[in-house]
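Q: If you scroll down you'll find the structure; I have some questions about it.
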Amino acid sequence: MKFLKNLTLYISAFMPMYFLVLLKLVVELINANLTFNVLNSINLATLLLLSIASIWGLLWNIKFNNDTSKEVQILSQHNITDRHFLGYFSLFVLFAIPLDLSYVSVFCVYITTIIFIGIVYMHNSLYYINPFLNILGYSFYDIEYKEIGSDKICTAKIFYKGKLEIENKTYFVKLKNEHFSFVDETKNKK
């Protein structure tokens, strides 16, 4: 189950690229530069399935995540979204624009490249490099925190939608692992 959740999170990281390639494919079909043949139909179906899997994977990881939420006090935070977003997003643009997926060889290279990136992405727990989450308004933070009722200081990487403030607040965080977690909700301290 954990592997499947991580895989869908990886697939969602490519959502901007799926959109660019899908847009290119649809425009080419509308302009009659491409025809509906077997490969183009497979490309279109694959992109639609990957897009659906991306959205489902994010919803599963963010909204329907059964991991236990822990109340934490964040001691320090550092927004590091900018360290990863532009480099990864530019990879999508450079990878998506020149592709001519009407050739079987290019389609095979495209799929193989995504698989190779996926192996590195999952092996190194790079789940926080997700431009789609950034586009949806999430920022990525390195934090130091302590669970309420504990004095042990820990570190984690978390996604938070908006600006993460640490004064007079505690947060409920689904601490999946030290590589990425999602903030569940906030609670003002009394």
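With the first letter of the sequence shown counted as 1, position 146 gets the number 146 in the numbering used here; the numbers rise by one all the way through. Where a beta carbon is used, it is the ideal one built from N, C-alpha and C, also for glycine.
Given that a residue counts as buried once 16 or more other Cβ atoms are within 10 Å of its Cβ, and exposed if not, what is N6?
A: Translated into the one-based positions of the sequence shown, residue 6 becomes position 6. With 16 or more Cβ atoms within 10 Å of its Cβ, N6 is classed as buried.
Q: Consult DSSP for T46 and reduce its assignment to one of helix, strand or coil.
A: Translated into positions along the sequence shown, residue 46 becomes position 46. Note: T46 maps to helix in three-state DSSP.
Q: Between L4 and F36, what straight-line distance do the alpha-carbon atoms span, to the nearest angstrom?
A: Within the sequence shown, residue 4 is the residue found at index 4, counting from 1. Within the sequence shown, residue 36 is the residue found at index 36, counting from 1. Answer to the nearest angstrom: the Cα atoms are 32 Å apart.
Q: Drop a sphere of 10 angstroms on the beta-carbon of K190, count the other beta-carbons inside from all chains shown, and report buried for 16 or more, exposed for fewer.
A: As a working mapping, residue 190 is identified with position 190 in the sequence shown. Reliability fails at K190, whose pLDDT of 43 lies under 50, so the model's placement of it is uncertain and the value that follows must be treated cautiously. Exposed: under 16 other Cβ atoms inside 10 Å.
Q: Using beta-carbon positions only, say whether K63 and E147 come within less than 7 Å of one another.
A: Locating residue 63 in the sequence shown gives position 63, counting from the first residue. Locating residue 147 in the sequence shown gives position 147, counting from the first residue. Taking 7 Å as the Cβ cut-off, K63 and E147 do not qualify as a contacting pair.
Q: Give the secondary structure of L75 by DSSP, where H, G and I count as helix, E and B as strand, and everything else as coil.
A: Along the sequence shown, one-based indexing puts residue 75 at 75. Strand, per DSSP.
Q: For the stretch 33-53 and the stretch 9-23, state whether three or more C-beta atom pairs, one from each stretch, are separated by less than 8 Å.
A: Output reads yes: the stretch 9-23 touches the stretch 33-53.
Q: Give a yes or no on whether the C-beta atoms belonging to Y141 and Q77 are separated by under 7 Å.
A: What you label residue 141 is simply residue 141 of the sequence shown in a count that begins at 1. What you label residue 77 is simply residue 77 of the sequence shown in a count that begins at 1. Cβ atoms of Y141 and Q77: closer than 7 Å.
Q: Below 7 Å CB to CB, which residues in the same chain sit around V173 once its five sequence neighbours on both sides are set aside?
A: Here the question's residue 173 lines up with position 173 in the sequence shown. S69, K70, V72, I158, S181, V183, D184, listed in sequence order.
Q: Which first and last residues belong to the beta strand (DSSP E) in which F159 is found?
A: As a working note, residue 159 is residue 159 in the sequence shown. Per DSSP, F159 belongs to the beta strand (DSSP E) from 154-161.
Q: What residues are listed by DSSP as bridge partners for V173?
A: Translated into positions along the sequence shown, residue 173 becomes position 173. K70, V183.
Q: Leaving out five residues on either side along the sequence, give the residues of the same chain with a beta carbon under 6 Å from the beta carbon of S54.
A: What you label residue 54 is simply residue 54 of the sequence shown in a count that begins at 1. Only I11, S12, M15 meet the Cβ criterion.
Q: Decide if V120 is buried, meaning its Cβ has at least 16 other Cβ atoms within 10 Å, or exposed.
A: Taking the first residue of the sequence shown as position 1, residue 120 is located at position 120. Classification for V120: exposed.
Q: Whole angstroms is fine: what's the gap from N66's alpha carbon to W56's?
A: The residue given as residue 66 occupies position 66 in the sequence shown. The residue given as residue 56 occupies position 56 in the sequence shown. The alpha-carbon atoms of N66 and W56 are separated by roughly 15 Å.
Q: Can you check whether the CB of S125 is closer than 7 Å to the CB of T81?
A: Mapped onto the sequence shown, residue 81 falls at position 81. Mapped onto the sequence shown, residue 125 falls at position 125. No. Outside cutoff.
Q: Please state whether DSSP places D151 in a helix, a strand or coil.
A: Here residue 151 refers to the residue found at position 151 of the sequence shown. Reduced to three states, the DSSP call for D151 is coil.
Q: Closer than 8 Å by C-beta to G162: which residues in its own chain qualify, once you throw out the five before and the five after it? Chain order, please.
A: As a working mapping, residue 162 is identified with position 162 in the sequence shown. For G162, where only same-chain residues beyond five positions count, the Cβ hits under 8 Å are G137, S139.
Q: Can a CB atom of chain D be found closer than 7 Å to the CB of T155?
A: The structure shown has no chain D; it contains just one protein chain.
Q: Mind checking who Y138 pairs with in its DSSP beta bridge?
A: Residue mapping note: residue 138 aligns to position 138 of the sequence shown, counting from 1. DSSP output for Y138 lists K161 as bridge partner(s).
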